[in-house]
Amino acid sequence: MSTTAPPPTVADVVATLERRYPPAWAEDWDRVGLVLGEPDAEVRRVACVVDVVPETVAEALAAGADMIVAHHPLLLRGVSSVAPTTYKGRIVHQLIKADVALYVAHTNADVADPGVSDALAARFGLTGLRPLQPPRPGSPAAGAGRGIGRIGELPRPMALADLTRHAAAVLPATAWGVRAAGDPGRTIRTLAVSGGSGDSFLAAATAAGVDAYLTADLRHHPAGEHVAGGGPALLDAAHWATERPWLDDLAALLRAELGVETTVSDLDTDPWTVHATAPGAGPGPAAPDPDPAPAADDKEPRP
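Just so you know, we're using our numbering here: the sequence shown kicks off at 24 and counts up by one.
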């Protein structure tokens with residue numbers, strides 16, 4: 024007589040995720056939770072992705088995944104149709120036909136501790152972590168070290184130009200790469216990081232007194248005014264690259280709690296695919312970095 028436990032169900036995966044990332048922690052505008060899937064369906068393999076796009080769906084189906092857990096919502100805004108003649112409708116139909124469930128953990132995973140920015144901070148070996156922007160008082164997410172972004176100490180001081188090159192080395196590779204604003208020789212000891220779009224937290228980085236702030240999707244005027252006003256140096260990485268590290272933590276959680284197999288997508292879903300600079304463009308030469316600080320969880324191969 025077999026004593027092997029049955030595989031977990033979609034409902035079991037949802038329960039595990041919602042203990043770590045309660046939906047009540049999400050922003051009011053966000054759309055998180057179970058999107059597709061029968062709660063009692065069995066789950067043996069979970070695919071972890073940043074974006075639900077045709078390429079990551081094809082990857083998950085090829086891997087035999089029973090469920091996809093994504094960071095970005097597929098259906099963030101209301102729709103009046105999921106017809107297969109539409110972009111998102113085709114994805115919905117494909118997942119339903121393949122009997123693959125879909126779950127989203129977005130801003131609730133951003134504020135969690137550990138969450139998206141903790142995984143990003145680990146790439147830089149930051150210590151003494153604290154939130155960049157704590158939740159507002161009375162918020163369901165308030166307390167226990169939670170909040171958007173993380174602030175910490177680098178393992179050793181680095182010039183901004185060296186830190187920029189180091190960031191490009193420890194983050195997943197993209198055509199966008201990493202660019203910086205500020206004096207290339209400025210010494211950076213304290214670094215704030217925020218996965219995803221983070222220019223709404225420029226003032227928080229300034230108020231925190233950090234030496235530099237790394238995030239994604241920084242815009243021309245806010246960034247320029249921030250630097251001109253004496254704020255921390257800025258590092259702007261690709262949106263996908265700042266959130267991809269969290270997938271490793273997510274996969275580890277599901278393996279440890281449920282014993283499911285996991286796959287982690289390294290498909291670069293950043294929309295920018297070509298990068299070029301004019302000969303001689305960019306900051307002047309900086310001292311080489313002979314002993315860069317190791318990334319705490321930089322284990323997966325780079326594309």
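Backbone N, C-alpha and C fix where the C-beta goes; we use that ideal spot for every residue, glycine too. Since we're looking at a predicted model, the values are computed, not measured.
- Beyond the five residues adjoining it in sequence on each side, A164 comes within less than 7 Å, by CB distance, of W48, V134, P158 in the same chain, given in chain order.
- With a minimum length of 4 residues, the unbroken runs of alpha helix (DSSP H) contained wholly in the region 176-210 fall at 183-193.
- Listed as beta-bridge partners of S104 by DSSP are no residues whatsoever.
- Residues of the same chain with a CB within less than 7 Å of the CB of A34, apart from the 5 flanking positions on each side, are P62, D63 in chain order.
- A235 is a Cβ neighbour of L258, given a cutoff of 8 Å.
- G60 is classed as buried because its beta carbon has at least 16 other beta carbons within 10 Å across all chains shown.
- K120 and L40 have their C-alpha atoms roughly 24 Å apart.
- Here A83 has A70, V72, I91, V123, T286, S288 as same chain residues with Cβ atoms under 8 Å from its own Cβ, once five neighbours each way along the sequence are excluded.
- Residue A228 holds the alpha-carbon nearest to the alpha-carbon of A256 among W263, A228, H244.
- D206 counts as exposed, since fewer than 16 other beta carbons sit within 10 angstroms of its beta carbon.
- The secondary-structure analysis by DSSP pairs P154 across a beta bridge with R173.
- If you draw a straight line from the Cα of T300 to the Cα of R68, it comes to about 42 Å.
- For secondary structure counted as the beta strand (DSSP E) over 3 or more consecutive residues, the region 228-270 holds these complete runs in sequence order: 235-239, 256-260.
- Just so you know, the alpha carbons of G148 and V250 end up roughly 25 Å apart.
- Non-local C-beta neighbours of D136 in its own chain, meaning closer than 7 Å and more than five positions away in sequence, comprise A167, G168, R169, ordered along the chain.
- Taken atom to atom, the span from the alpha-carbon of S103 to that of L214 is near 43 Å.
- In this structure, I174 and L155 form a Cβ contact; the two beta carbons are roughly 6 Å apart against a cut-off of 8 Å.
- Short of 6 Å from the beta carbon of T238, and not among the five residues preceding or following it, lie these beta carbons of its own chain, in chain order: S217, G221.
- Each of W52, L118, A85 was checked against the Cα of V58, and the nearest Cα belongs to L118.
- Looking at P302, G151, A93, the one whose alpha-carbon comes closest to that of W263 is A93.
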